[in-house]
Ligand code: FPP
């Protein structure tokens, strides 16, 4: 069983259908969506989830009717303004990722202010993706890497080398991605970062995604077996090796299935996906290696 996820990514889909069902304008659905984001983030703080990254506006959402785009951007400015005190008081650090160049000066200023005033928050990282696309992220990271390494060729670029230039840096990879609203696709959200993420799709519309729905997603996640490219058999001997190395933990023979289970539980309890997840690698997990400042993405 997995411990609860350390990082949850959310595609907040279904605002439009929520309002349509009630014969209301789509803007009401987005307003309710923003209000629900507040509740879900609060619940995540209580559940000790450390990072939440939400998709608020994609690079493709510009294709929506101009009035809806304007409504959404008004809402982003208002949200940043009205939530600032609450974010600060809850110790939430806010970041906005995406291509900011298309934003109005007002939104850019509000983002800078909110990021600066919440920078000391340690209870949860809330990352809001606005004008974000996964392909854009990979492209901008590659360009940024090349600018920082003008004398190196792209042949020298590695996966680990690219990671510090992704807009999500220094966040760890999401453990769980939740998409509400019944669709089963990533829609260009965090496509690099979600290579090994568990994907949870629910028909619940975003404004109705309440604490019970969140708990159902977390419960589902804890049942997933995360192999990261390995086989089941490879995962089990890994636990038994640890057993041999620390016989005093259980005091039982490593071949004893009960002892093995106990040992596996104690191993997996030390951190997100410990034992099998790249983030438990001492280099990639800053909490297990205080000298390491940035988590690396491992294959
Ligand atoms: C998708 O639902 C939702 C969006 C494109 C916008 C998401 C925005 C919010 C949840 C509100 C505000 C967020 C912040 C950060 C203040 P949809 O409109 O495509 O729904 P539909 O598929 O039912 O039409």
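In our numbering, the protein residues as written are 741 to 1039. Think of the CB as a built atom: it goes at the ideal place given N, C-alpha and C, for glycine as much as any other residue.
Residue i classed as buried or exposed, judged by whether at least 16 other C-beta atoms fall within 10 angstroms
i           : result
residue 773 : buried
residue 841 : exposed
residue 799 : buried
residue 996 : Residue placement at residue 996 is poorly supported in this model, since its pLDDT is 35, which falls under 50; the coordinates still yield a value, given next. It counts as exposed.
residue 847 : buried
residue 903 : buried
residue 810 : exposed
residue 771 : buried
residue 912 : buried
residue 965 : exposed
residue 849 : exposed
residue 885 : buried
residue 881 : buried
residue 760 : exposed
DSSP three-state assignment for residue i, whether helix, strand or coil
i           : result
residue 915 : coil
residue 906 : coil
residue 770 : helix
residue 871 : strand
residue 793 : strand
residue 940 : strand
residue 813 : helix
residue 747 : strand
residue 742 : coil
residue 752 : coil
residue 931 : coil
residue 924 : coil
residue 839 : coil
residue 762 : coil
residue 958 : helix
residue 779 : helix
residue 967 : coil
residue 818 : helix
residue 804 : coil
residue 865 : strand
residue 893 : coil
Under 9 Å between C-beta atoms of residue i and residue j
i            : j           : result
residue 937  : residue 917 : yes
residue 867  : residue 753 : no
residue 749  : residue 934 : yes
residue 963  : residue 746 : no
residue 943  : residue 922 : yes
residue 795  : residue 924 : no
residue 1040 : residue 954 : In this structure the chain extends from 741 to 1039, so residue 1040 is not present and cannot be described.
residue 792  : residue 864 : yes
residue 853  : residue 820 : yes
residue 744  : residue 961 : yes
residue 838  : residue 876 : yes
residue 758  : residue 914 : no
residue 766  : residue 808 : yes
Residue i: CB within 8 Å of a non-hydrogen atom of the ligand ADP
i           : result
residue 967 : The ligand content of the structure shown is limited to the ligand FPP, which means the ligand ADP is not among them.
Q) Are three or more beta carbon pairs between the stretch 771-789 and the stretch 965-974 nearer than 8 Å? A) With the cut-off at 8 Å, the stretch 771-789 and the stretch 965-974 do not touch.
Q. Are the stretch 870-881 and the stretch 895-911 touching, with three or more C-beta to C-beta distances below 8 Å?
A. Touching, per the Cβ criterion.
**Q.** Touch test, the stretch 815-834 against the stretch 886-903, Cβ-Cβ under 8 Å, three pairs minimum
**A.** With the cut-off at 8 Å, the stretch 815-834 and the stretch 886-903 do not touch.
Q) Would you say the stretch 823-833 touches the stretch 754-772, given that touching needs at least three Cβ pairs under 8 Å? A) Because the criterion of three Cβ pairs below 8 Å is not met, the stretch 823-833 and the stretch 754-772 do not touch.
Q. Hey, is the stretch 833-850 in contact with the stretch 858-865, meaning 3+ C-beta pairs nearer than 8 Å?
A. Because the criterion of three Cβ pairs below 8 Å is met, the stretch 833-850 and the stretch 858-865 touch.
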